[in-house]
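Below is one structure; the comments refer to it alone.
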Amino acid sequence: MFKWVQQQVANVAGTQEPIYGPSAIKSVAEEAETTPYTELTRDDLKWVALDSTCVETQSFYFMSNEGQLAFAQVIYSNVVGIRTTCQFNVKLFSFDKTKEHLWCSTQLSNHDFSEDKTAFYANDCAVELSEDGTTYTIKSMNDDRAVVNLTLKRTAPGFQVGQTGKTLFGTDLKNPWGTMRHAFWPRCVAEGTITTKDGPIDFKGKAFFVHALQGMKPHHAAARWNFCDFQGPTHSAVLMQFTTPPSYGSTTVTVGGIAKDGEIIFAGPLAEVKHVEAKGDNTNDWPEPTKIKFQWKGTTKDGKAAEAIIEGELEARLDRIDVMAEVPGFVKTIVAAAAGTKPYIYQYSPHAKKLSLKLKIGDQEITEEGDVFSEATFISE
Numbered sequence: 001m002f003k004w005v006q007q008q009v010a011n012v013a014g015t016q017e018p019i020y021g022p023s024a025i026k027s028v029a030e031e032a033e034t035t036p037y038t039e040l041t042r043d044d045l046k047w048v049a050l051d052s053t054c055v056e057t058q059s060f061y062f063m064s065n066e067g068q069l070a071f072a073q074v075i076y077s078n079v080v081g082i083r084t085t086c087q088f089n090v091k092l093f094s095f096d097k098t099k100e101h102l103w104c105s106t107q108l109s110n111h112d113f114s115e116d117k118t119a120f121y122a123n124d125c126a127v128e129l130s131e132d133g134t135t136y137t138i139k140s141m142n143d144d145r146a147v148v149n150l151t152l153k154r155t156a157p158g159f160q161v162g163q164t165g166k167t168l169f170g171t172d173l174k175n176p177w178g179t180m181r182h183a184f185w186p187r188c189v190a191e192g193t194i195t196t197k198d199g200p201i202d203f204k205g206k207a208f209f210v211h212a213l214q215g216m217k218p219h220h221a222a223a224r225w226n227f228c229d230f231q232g233p234t235h236s237a238v239l240m241q242f243t244t245p246p247s248y249g250s251t252t253v254t255v256g257g258i259a260k261d262g263e264i265i266f267a268g269p270l271a272e273v274k275h276v277e278a279k280g281d282n283t284n285d286w287p288e289p290t291k292i293k294f295q296w297k298g299t300t301k302d303g304k305a306a307e308a309i310i311e312g313e314l315e316a317r318l319d320r321i322d323v324m325a326e327v328p329g330f331v332k333t334i335v336a337a338a339a340g341t342k343p344y345i346y347q348y349s350p351h352a353k354k355l356s357l358k359l360k361i362g363d364q365e366i367t368e369e370g371d372v373f374s375e376a377t378f379i380s381e
């Protein structure tokens with residue numbers, strides 16, 4: 001009971017949690033022992049919109065045929081059931097070092113959901129899932145620097161690892177006080193535009209979508225993150241990994257999968273990330289990765305052993321984000337109360353020498369060069 005009280009105090013005050021140990025987390029990998037992954041239905045994409053502390057996001061990543069890279073994102077955040085805010089974020093990356101990335105983050109007004117919770121609305125913003133559950137439309141006129149009118153259609157099934165996609169947190173895991181869930185559309189096609197002051201940018205090309213729910217304070221759930229989105233001519237790969245703070249035993253949870261048009265080749269929790277080489281960042285002392293290795297293992301539907309690797313130089317980072325400089329003031333107050341929290345996100349997309357997916361299915365080997373968008377996030381020691 002005392003630990004539960006401590007947890008509630010930490011929730012309200014934003015302080016560091018006590019050490020519960022690894023017994024206070026149930027990784028989604030346990031579900032995946034019997035069900036490696038589940039293909040998503042339309043119902044799996046409903047907004048949960050908890051009335052307790054949470055951060056829920058729908059994030060859409062776009063890689064255009066012309067070489068442009070962007071993402072659009074809706075964030076629903078609730079702080080201790082006291083205040084709920086929603087943001088719409090757009091980032092248009094520049095590969096020209098003489099030009100800055102375009103970053104637009106707007107706090108939304110009058111947010112609402114469709115009756116079935118599959119669509120999100122706010123003033124000058126709509127993110128809607130089609131009736132057949134295959135297509136999202138994203139429209140926003142919240143910032144005239146980046147007017148968004150995009151459509152994303154999945155070309156492979158969506159999936160979540162295990163049966164529910166959820167990792168649970170708490171000393172009584174039948175009544176968890178926190179959750180972490182990711183649901184993916186690993187392979188999609190996109191069309192539409194983001195219109196800037198210089199005119200419309202065509203985003204016809206490849207895309208990726210992830211719906212994520214952190215049903216607790218983000219810095220309580222994870223101390224570090226790694227993310228990979230690979231889009232090749234015929235295959236896609238996704239990997240999402242987080243490592244908990246010491247309060248949950250510094251436990252690492254990884255989910256991911258490999259897809260091609262029409263099917264998930266394999267998916268599950270048997271994936272790894274290795275920062276093969278890193279350099280110190282003088283700004284914050286974090287070890288910024290410079291060479292990376294992503295690895296997936298699993299079994300196909302017909303029982304063949306399968307594995308995939310992406311390995312290579314990350315090249316110069318696209319961006320380094322000081323999260324505390326970006327988050328709303330009330331969130332900053334809560335996060336900053338936890339000593340040792342200094343969140344930074346490093347973003348990469350190697351272009352001079354693109355990375356390749358090396359896929360082995362049984363005796364068959366496939367190597368495919370593609371586009372990678374990758375993030376390494378450091379939050380706390």
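One point on numbering: in our numbering, the residue at position 125 of the sequence shown is 125, and numbering is uninterrupted. For every residue, glycine included, the Cβ atom is placed at its ideal position computed from N, Cα and C.
Asked, Found
"Beta carbon of A308 nearer than 7 Å to that of V161", "no"
"Proximity to G312 [Cα-Cα], best of E272, L92, F159, L355", "L355"
"Residues of its chain near T252, where Cβ-Cβ distance is below 7 Å and the 5 sequence neighbours each way are ignored", "Q241, T243"
"Residues sharing a beta bridge with D112, DSSP", "Y121"
"Burial state of R83, where buried means 16 or more other Cβ atoms lie within 10 Å", "exposed"
"Local conformation of P245 per DSSP, three classes", "coil"
"Same chain, Cβ closer than 7 Å to G362, neighbours up to 5 away in sequence not counted", "K304, A305"
"Proximity to L270 [Cα-Cα], best of P287, N284, L239", "L239"
"Alpha carbon of E277 to alpha carbon of T377, nearest angstrom", "16 Å"
"Per DSSP, cross-strand counterpart(s) of H275", "I292"
"Every unbroken alpha helix (DSSP H) within the stretch 177 to 226, with a cutoff of 4 residues, ordered by chain", "218 to 221"
"Exposure of N110, with buried meaning 16 or more beta-carbon neighbours within 10 Å", "exposed"
"Reduced DSSP secondary structure (H/G/I, E/B, other) of D229", "strand"
"Residue nearest to V147 in terms of C-alpha spacing, selected from F88, S380, T167, P289", "F88"
"Where the alpha helix (DSSP H) containing E131 begins and where it ends", "Looking at the DSSP string, E131 is not in any alpha helix (DSSP H), and its letter there is neither H nor E."
"Sequence-distant residues of the same chain with beta carbon closer than 7 Å to A222, five excluded per side", "F242, T243, T244, I379"
"V148 - containing beta strand (DSSP E), residue span", "147 to 154"
"Anticipated Cβ contact below 8 Å, Y76 with E56, distance rounded", "4 Å"
"Where the beta strand (DSSP E) through V161 begins and ends", "159 to 161"
"S250 classed as buried or exposed, judged by whether at least 16 other C-beta atoms fall within 10 angstroms", "exposed"
"Proximity of P287 and L314 at Cβ, strictly below 7 Å", "no"
"Contact between the stretch 56 to 70 and the stretch 200 to 217 (3+ Cβ pairs under 8 Å)", "yes"
"Where I366 falls: helix, strand or coil (DSSP)", "strand"
"Member of G165, C104, G158 whose CA lies at the smallest distance from the CA of A29", "G165"
"Exposure of E369, with buried meaning 16 or more beta-carbon neighbours within 10 Å", "exposed"
"Top-ranked residue by Cα proximity to D143, from F373, G21, A72", "A72"
"Element boundaries [alpha helix (DSSP H), containing A24]", "Here A24 belongs to no alpha helix (DSSP H), and DSSP marks it neither H nor E."
"Cβ-Cβ distance between K26 and L213 below 7 Å", "no"
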